[in-house]
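Report on one structure; see the data block that follows.
Numbering (my numbering), first residue to last: 277 to 554.
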């Protein structure tokens, strides 16, 4: 008989919003750290400006996205019922949350840590584009092997570890595109386009293997209660398509943003190079 999921309940209460206080505690700690760094930057602006209202809003939105992913219906569906919901959860945690958190934190938050030589060396090493790319995609592939995935859905501490590893690797992966620090610079625009295109390949390969598998890869979902009228195999196919299509198109959208920023930067450079009219 297939192993059971963490919370094998026959029916899902769609009106309830479950809250896991471990996630709330972690989010409050992150918000507290953010406010502490904001006040420090305001007192000592030599290291850079404190966060703007827009940056603060993006950071809080990122925390909100984490909360909605790890609590409430999406969490319950992913943990106890549907592989597809788990794939949606992972896309939010890796593709939506990190850009909000990075773009919401100004350079002044990170500069004090870079004064420590060991921290600066590690930061420079892991945010190099090839290293960041490899770290994220190794994590992505490793956690989707059936043995690792089953361990995560059946052992709660491992599930927490999985989410933390995903988010950490995703922040590193996004750094070459969004870095606020000249000390840890972004890629040039042409290389950002190439980086985004390359990001679609490993995720698509994993998704293809899941979508076209001949049997249910993740045994826990074979015994999960059916809450939306689809079989475990249909659920697996849909989950693979969620990773494949929205995941791939997301980076195509990012490529569009990068292209228009590149075009805008070139226009500004041309305008700045032209002599002022008399």
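Ideal Cβ positions, reconstructed from N, Cα and C, are used throughout, including at glycine. Here the structure is a predicted model, which is why all the values come from computation and not from measurement.
| request: Give the secondary structure of residue 295 by DSSP, where H, G and I count as helix, E and B as strand, and everything else as coil. | output: Looking at residue 295 - three-state DSSP - the assignment turns out to be coil, as it is neither helix nor strand.
| field | Run of the alpha helix (DSSP H) containing residue 351, from where it starts to where it stops | value | 348-356
| request: Would you mind stating whether residue 519 and residue 492 have Cβ atoms separated by less than 8 Å? | output: For residue 519 and residue 492, no; Cβs fall outside 8 Å.
| query | Can you tell which of 499, 512, 470 has its C-alpha closest to the C-alpha of residue 490? | reply | 512
| said: Is the beta carbon of residue 514 closer than 8 Å to that of residue 506? | reply: yes
| field | C-beta contact flag for residue 386 and residue 457 at 8 Å | value | yes
| query | How long is the line joining the alpha carbons of residue 439 and residue 498, rounded to whole angstroms? | reply | 22 Å
| residue 325 in three-state terms, based on DSSP | Residue 325 sits in coil when the DSSP states are folded into three classes, being neither helix nor strand.
| field | Selected residue, minimal CA-CA separation from residue 426, among 538, 331, 495 | value | 495
| field | Completely contained beta strand (DSSP E) runs for the segment 478-532, where each covers 3 or more residues | value | Residue ranges of uninterrupted beta strand (DSSP E) with 3 or more members are absent from the segment 478-532; none lies entirely inside it.
| Where does residue 307 land, buried or exposed, given buried means 16+ other C-beta within 10 angstroms? | exposed
| task | Count the other CB atoms, across all protein chains shown, that sit within 10 Å of the CB of residue 473; report buried if there are 16 or more and exposed otherwise. | result | exposed
| CA-CA distance, residue 408 and residue 304? | Whole-angstrom Cα-Cα distance: 27 Å.
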